[in-house]
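Residue numbers (the numbering used here), protein chains in the order written: chain D, 1 to 308; chain V, 1001 to 1279.
Below, the structure written as structure tokens:
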């Protein structure tokens, strides 16, 4: 996809001349975007840092400086520990499974057949549902006694379990919904990636007697590595930034069993009005996102050089 | 057994296996549709069935009466298309600058833009809430829209498309006396149309489905969007175990996008695919 950039680098005199004359123009073109990015992306990052050093006095409604004591309090907060382990569990429970499932679905659906399109639609449509709508439907999937699991999977699981009300199962239940919601989306990226793999490679492999598994291991999977990286990146970022289903299904409960980092920010800020704590949590969330970004930027950059 | 026969058998196995999985994937949605048509008052495992004996629209009437869906639809439409309209302007200008103009700090600025891909406004709900309160934009549709007016994702997509525009066309426009804005309008935008369509679809879907930000920005129905309405509607109906109502409310909210999707299936799937390819 990126090969066209070569044309752009071709030296070209007439345009360059007019360009020199209008030095300010590029900045004018970037200005509208920069105004909004500055106000709603860069400034809030700095504002969170500053707010995390203050505490709200509930009686006077005045902010007063407290240094790093919000950070100290957070380290001692048992709920924060729970939220961190939940978030890690959620990340490890959703990302690898969703990505693997997406790859399997793409492999299954890559063939041209009259039914392929319909099947793709069946796996893709959850992408278009609002997460709150999907969660509303899945509330019934998990309803004990007469919900979809208890009615249709009675031969597989013991009935009567209150999946969303039981701290042992609640996070797993949320993870299952999240996997169902996203697998079809990531599947598309794999299908797109597979279109780029040359058919000749498979023909050559077949001529040499390679089995389907060998073809996958030595052709498909390595050549899809950039796609895998990209999907892992989006899935990881998503895992920290979408908590709508928590709001609908569990409210973070029972007993904080499904409380995730962003949801805890929401609770601290808009339910408990502890702005200092919410800001400190935001800083922590941003740090996590930055680490993911830093890891993947390095990897993605290598990908771009490789493709150009 | 001949090769052709064994091929046919493997195709049938494929169709049955993948078909079964696809059916499981569809089941929650199918259930929501059939339950939304089921007469209230049915109990127990009947509710889990996909079969509806005497379909009725009464759930939709009740749900429509319980939540101001018309208002919510209107707010959502304004928000979604408002965001898109502004985004198309901001990303076109920025993408052109990054794709075609030379200027100091281009690399640094581009990286600054990309930061938004990592830190979506949803993780900045607290500081952005404080900003909106200062600006007096709480409980307004503009408040829901404004953090999304710039799009790093759109800028990135469009920059890639603009880089593929042949230089000769640009020069021809320059010779005809077009300034930069006219060149963008007559050369770049027409050639980047597939990208603009893809971005528009992804943007509309994303913002139609957005929940947390509109939730905290609004506390009345004045500016609320459908997702916020559905969530509070679901909460009250769930406590009364009114599954017919929840199903009807959910169908009301998911239907517009699904209908458009069914009409333009290919476009949708390609747009989402394309957004990944280019990302």
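Ideal Cβ positions, reconstructed from N, Cα and C, are used throughout, including at glycine. Fair warning: this is a prediction, and the values are worked out from it, not measured in the lab.
- Under the Cβ distance rule, residue 176/D does not count among the residues neighbouring chain V, no pair being separated by less than 8 Å.
- If you ignore the 5 residues before and after residue 1144/V, its C-beta comes within less than 6 Å of the C-beta of 1079, 1214, 1217, all in its own chain and listed in chain order.
- Residues 1248 of the same chain have their beta carbon placed closer than 6 Å to that of residue 1060/V, with the five preceding and five following residues left out of the count.
- Within the stretch 1207-1230 of chain V, the residues whose Cβ lies closer than 9 Å to some Cβ of chain D are 1208, 1209, 1210, 1211, 1212, 1215, 1216, 1226, 1227, 1228, 1230, listed in chain order.
- The three-state secondary structure of residue 68/D, taken from DSSP, is coil.
- Nearest neighbour of residue 1124/V by Cα position, chosen from 260/D, 293/D, 281/D, 75/D, turns out to be 281/D.
- Listed by position along chain D, the residues whose Cβ is nearer than 7 Å to that of residue 1047/V are 146.
- Note on geometry: alpha-carbon atoms of residue 191/D and residue 249/D lie some 32 Å from one another.
- For the pair residue 1260/V and residue 188/D, the Cα-to-Cα distance works out to about 19 Å.
- Cβ contact annotation for residue 223/D (same chain, cutoff 7 Å, sequence separation greater than five): 197, in chain order.
- The continuous stretches of alpha helix (DSSP H) do not include residue 56/D, which lies in the beta strand (DSSP E) extending over residues 54-57.
- When C-alpha distances from residue 244/D are compared across 228/D, 267/D, 125/D, the shortest belongs to 267/D.
- Residues of the same chain with a CB within less than 8 Å of the CB of residue 69/D, apart from the 5 flanking positions on each side, are 55 in chain order.
- Residue-level contact by beta carbon fails for residue 1140/V and chain D, as no gap is shorter than 8 Å.
- For residue 1074/V, the closest Cβ of chain D is not nearer than 8 Å.
- Against chain D, the CB of residue 1056/V has no partner CB under 8 Å away; the residue lies outside that interface.
- Interface annotation, residue 1122/V: in contact with chain D, CB-CB separation under 8 Å.
- Among the CB atoms of chain D, none fall inside 8 Å of the CB of residue 1263/V.
- In terms of Cβ geometry, residue 1233/V and residue 1066/V form a close pair [threshold 8 Å].
- Just measuring C-alpha positions, the residue of 1191/V, 1231/V, 1017/V sitting nearest residue 1159/V is 1191/V.
- For residue 1242/V, the secondary structure class from DSSP, reduced to helix, strand or coil, is coil.
- By the neighbour-count criterion, in which 16 or more other beta carbons inside 10 Å mark a residue as buried, residue 57/D falls on the exposed side.
- When Cβ-Cβ separations below 8 Å define contact, residue 1069/V makes no contact with chain D.
- With respect to chain V, the C-beta atom of residue 133/D has a partner C-beta closer than 8 Å.
- Per DSSP, residue 211/D is not a residue of any alpha helix (DSSP H), being assigned neither H nor E.
- The count of Cβ pairs closer than 8 Å, one atom from the stretch 1140-1156 of chain V and one from the stretch 1192-1211 of chain V, reaches three, so the stretches are in contact.
- Short of 6 Å from the beta carbon of residue 140/D, and not among the five residues preceding or following it, lie these beta carbons of its own chain, in chain order: 147.
- Contact check for residue 85/D and residue 240/D: beta-carbon distance about 14 Å, past the 8 Å limit, so the pair fails to qualify.
- The closest CA to that of residue 109/D, considering only 178/D, 184/D, 133/D, 135/D, is found on 184/D.
- With three or more CB-CB distances shorter than 8 Å, the stretch 215-230 of chain D counts as touching the stretch 293-300 of chain D.
- At a cut-off of 8 Å, the C-beta of residue 45/D has a neighbouring C-beta in chain V.
- Residue-level contact by beta carbon holds for residue 269/D and chain V, with a gap shorter than 8 Å.
- Across the structure, residue 35/D and residue 235/D are spaced so that their CA atoms are roughly 29 Å apart.
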